[in-house]
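Numbering (the working numbering), first residue to last: 465 to 724.
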């Protein structure tokens, strides 16, 4: 109880309910529902997940509403400083990189209001970002409270990672995508426009592992692109293909080839 109160600013815990969670998808997790004594919202709980093996908190969500005001009282920059201080306090700031920051919206009993600032910090290994391993944080836009934290950390120190310097260049990876689309779907390469190319650890195998056995993570190029059909959508959409940065193998593809 004391540990939970220390993790969640301003919460004096009145009651706690605990239950085992989805082990297959999330690992050995205990899930807690916490009600704070000073919460005027009868429906708003604080939800906390604790790793049953390490005792580490991997997730919390502060669902208290407080009938918030319409406009944010703190800026995005101020919220980011709060988020980074929170990560420093947890010793989690040295191996993550901020990749996303936005002011979200929230539905309240008084209608839609500006919600928390939402931040995504992706894990960095050998100066390459992971695909899945990340920390998400939400900072209340009214009072600056940390209202949500979620850590996905599936890559272990025992996992083997490829050389972080790619054998295949960015241009060669883009050409491999065009050849793959033409060979697989009969798509005219002239219709394809590349929108972004980035190097990432393709940690899908670590995300879905069912045991503690070590795995080998491939280094991959993520190629984001569109074609005439994707560009015609409202709003315009994009597709992506992941290419092994050493072998040139297509690791995955998200492309709607059955469009009309």
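We put the beta carbon where it would ideally sit given N, CA and C, even for glycine. All figures in this text were calculated on a predicted structure; none of them were measured in a lab.
State the beta-bridge partners of residue 613 as determined by DSSP. As a working mapping, residue 613 is identified with position 149 in the chain shown. Answer is 524, 601.
Just to confirm, is the Cβ distance from residue 589 to residue 551 under 9 Å? Locating residue 589 in the chain shown gives position 125, counting from the first residue. Locating residue 551 in the chain shown gives position 87, counting from the first residue. No.
When you compare only the Cα positions, how much space is there between residue 691 and residue 656? If you number the chain shown from 1, residue 691 lands on position 227. If you number the chain shown from 1, residue 656 lands on position 192. One C-alpha to the other measures close to 5 Å.
Return the first residue and the last residue of the beta strand (DSSP E) that residue 662 is part of. As a position in the chain shown, residue 662 is number 198, starting the count at 1. First-last of the beta strand (DSSP E) with residue 662: 657-665.
Give the secondary structure of residue 606 by DSSP, where H, G and I count as helix, E and B as strand, and everything else as coil. Taking the first residue of the chain shown as 1, we reach residue 606 at position 142. Three-state DSSP puts residue 606 in coil, outside helix and strand.
Mind checking whether the beta-carbon of residue 633 lies closer than 8 Å to any heavy atom of the ligand COA? The ligand COA is absent from the structure shown, which contains no ligand whatsoever.
Where the beta strand (DSSP E) through residue 716 begins and ends: Residue 716 sits at position 252 when you count from the first residue of the chain shown. It spans 714-718 - the beta strand (DSSP E) in which residue 716 sits, taken as one unbroken run.
Those residues which DSSP pairs with residue 493 across a bridge: As a first step, residue 493 is located in the chain shown; it is residue number 29 there, counting from the start. Partner(s): 515.
In chain order, what residues of the same chain lie with their CB nearer than 6 Å to the CB of residue 576, ignoring the 5 residues before and after it? In the chain shown, residue 576 corresponds to position 112, counting from 1. Closer than 6 Å at Cβ, skipping near neighbours: 569.
Rounded separation between residue 672 and residue 597 - CA only: Sequence index remark: in the chain shown, residue 672 carries index 208 (1-based). Sequence index remark: in the chain shown, residue 597 carries index 133 (1-based). Rounded to whole angstroms, residue 672 to residue 597 spans 12 Å at the Cα level.
Tell me, please, which residues DSSP counts as bridged to residue 569. Locating residue 569 in the chain shown gives position 105, where the first residue counts as 1. 578, per the DSSP bridge assignment.
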